[in-house]
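A short worksheet on the structure shown next.
There are 2 protein chains.
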Amino acid sequence: MAEHAVWSSPATEPSGEDVNAVTTAVLTASRLLVAISARSLAAVEERVTLPQFRMLVVLASRPRMKLVTLAEQLAVNPSTAMRMVERLVAAGLVDRRVNPESRREILLRLTDAGAQIVDEVTARRREEIAAIVAAMAPGQRAGLIAALQAFTEAGGEPALGEPVYDTLTLGWQ
Amino acid sequence: MAEHAVWSSPATEPSGEDVNAVTTAVLTASRLLVAISARSLAAVEERVTLPQFRMLVVLASRPRMKLVTLAEQLAVNPSTAMRMVERLVAAGLVDRRVNPESRREILLRLTDAGAQIVDEVTARRREEIAAIVAAMAPGQRAGLIAALQAFTEAGGEPALGEPVYDTLTLGWQ
DNA sequence: CATAAATGATGGCATAGTGCAATAGTTCGC
DNA sequence: GCGAACTATTGCACTATGCCATCATTTATG
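Line by line, the protein sequences give chains A and B.
Letter by letter, the first sequence follows residues 1 to 173 in this note's numbering.
Letter by letter, the second sequence follows residues 1 to 173 in this note's numbering.
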C-alpha cells in the first residue's frame with residue numbers, strides 16, 4: 001500500500017534491500033507470535049480481564065511487592081493499581097497485607113488461585129510455540145536459535161531508564 | 001520456577017531438549033518485539049488510546065468498513081465499537097457516513113489525520129526493527145530470514161474460523 | 001527529640017472501554 | 001406486503017485510567 005522507504009544505511013552497509021527483507025520477515029513472525037499470545041489467553045479471559053492478567057503476571061515475577069512498585073511495573077497510576085488490586089483481592093487471586101517492617105506499605109502477592117492462572121497461560125503459550133517448533137524440520141531449529149539469539153543480542157536491552165512494560169501481557173521471564 | 005515438562009514428541013522426534021531450547025529463544029525474542037512495539041507507540045499515545053489506535057489500524061487495512069465488521073475485526077461488541085467511533089469522529093480521525101447503497105449501514109474510513117497516526121507508528125516500528133537488523137552481522141541476516149520463514153510457515157495460519165485479532169495492536173498487514 | 005520533607009496508600013471525580021439487552025430503521029426473502 | 005434478518009444506536013453496569021487531594025508513616029534534619 002503505502003510506499004515503504006528503503007532504509008539503506010550508507011554509513012554502514014549498502015544492503016538496504018537485505019535489511020528490508022529481514023525486517024519484513026520479523027514483522028510477519030511477530031504477527032504469528034501475537035496470535036499465539038491471544039490464543040494462550042483465551043482460556044482465562046473469562047476469569048480475569050487482560051489488565052488483571054497483566055497484574056497477575058507482574059506479581060508472579062516478584063512476591064512481596066508494594067503498590068507503587070506494582071503500579072510502576074504496569075506503567076499505570078497507583079490509584080489504578082489500587083482499585084485493580086481491590087478487585088483481585090475480592091476475587092481471591094491476590095493477597096494484600098500491611099508490611100510489618102514499614103506500616104505505610106502493603107505487601108502483595110498471588111494466592112494459589114492467582115498463580116494458577118498465570119501458570120496456565122504460560123504453559124499454554126510454551127506448548128503452542130513448542131508445537132510449531134516441533135513442526136519445523138529438525139535441521140532448521142538450530143538455525144532458528146542462532147538467528148533469534150543474534151537478533152535479540154542486536155536488539156539489546158529495552159529502552160534504558162524507562163520501565164520495561166509489557167504491552168501485550170507476555171509474562172514469561 | 002514451575003517445572004516445565006519437556007514435550008518430547010515420541011512419534012516424531014526424540015529431540016525434546018532441542019524443541020525446548022528453541023521455544024525459549026522464541027520467547028526471548030518475543031519480549032524484544034513487544035518492547036519495540038511499545039516504544040513505537042509512545043509517540044502517539046498522547047493523541048489516541050491503545051484501543052483507539054487498534055481501531056485506526058483496522059480501518060487503515062480496509063476502507064469503507066461498516067460498524068459490525070469493524071467490531072468483528074477488533075473482537076469487541078458493536079456497541080463498544082460504536083462509542084469508540086463516535087470519539088474518533090469527534091477527534092477528526094475517522095469519517096463516518098451512511099452507505100448510500102444500503103441505508104442501514106454506515107461506512108467508516110480514516111481521515112488524513114487518522115491515517116497519519118497509523119503511518120507514524122508503522123514507520124517507527126519498521127525503523128526500529130531495521131536498526132536492529134542492521135546491527136546484526138550481514139551473514140546472520142540471511143539465516144534470520146530463513147529461520148523466521150520456516151517458523152512462520154510451521155505456525156501456519158492463525159486459528160481457523162476465529163477472528164484473527166491482534167491483542168497487541170501490531171497493525172502491519 | 002521535634003518538626004519538616006518524603007513516601008505510600010487511598011478516595012473523589014471524570015473519561016474511556018466493554019458487554020448485554022432492548023429499540024428503531026432497513027433490507028430481504030417469500 | 002409481511003415477517004425475518006440485519007444494522008445502528010442507546011441504556012445500564014462495571015472495569016480501567018489519570019489527576020489531584022488527603023491521611024498515615026517514615027526519614028531526614030536541625
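C-beta: ideal position from N, C-alpha, C; glycine also.
Just so you know, these numbers come straight off a predicted model, no measurement behind them.
A direct Cα-to-Cα measurement between Thr152(A) and Ala142(B) gives close to 15 Å. In the displayed model, Arg83(A) falls within a helix according to three-state DSSP.
Positions of the beta strand (DSSP E) runs, each at least 3 residues long and wholly inside the region 49-134 of chain B, are given as 94-98 and 106-110 in order along the chain. Comparing alpha carbon positions, the residue from Ala25(A), Leu33(A), Leu27(A) and Val22(A) closest to Ala130(A) is Leu33(A). Listed in chain order, the positions of the region 117-146 of chain A with a beta carbon within less than 9 Å of a beta carbon of chain B are Asp119, Thr122, Ala123, Arg125, Arg126, Glu127, Glu128, Ile129, Ala130, Ala131, Ile132, Val133, Ala134, Ala135, Met136, Ala137, Pro138, Gln140, Arg141, Ala142, Gly143, Leu144, Ile145 and Ala146. Nearest Cα to Ala71(A) within the set Leu110(A), Val85(A) and Ile36(A): Val85(A). The Cβ of Gly92(B) sits no closer than 7 Å to any Cβ of chain A. Residue environment: Val98(A) is assigned as exposed (fewer than 16 neighbouring CB atoms within 10 Å of its CB, all protein chains considered). By the Cβ neighbour-count rule, Arg83(A) is exposed, with fewer than 16 other Cβ atoms within 10 Å of its own.
Under the 7 Å criterion on CB atoms, Ala43(B) is classed as non-interfacial with respect to chain A. Against chain A, the beta carbon of Ala150(B) has neighbours under 8 Å at Met136, Ala137, Gln140, Gly143 and Leu144, listed in chain order. Between Leu56(A) and chain B, the shortest Cβ-Cβ separation is not below 7 Å. Under the Cβ criterion of 7 Å, Val26(B) is counted among the residues facing chain A.
Ranked by Cα distance from Ala21(B), the options Ala154(A), Ala147(A) and Gly156(A) are led by Ala147(A).
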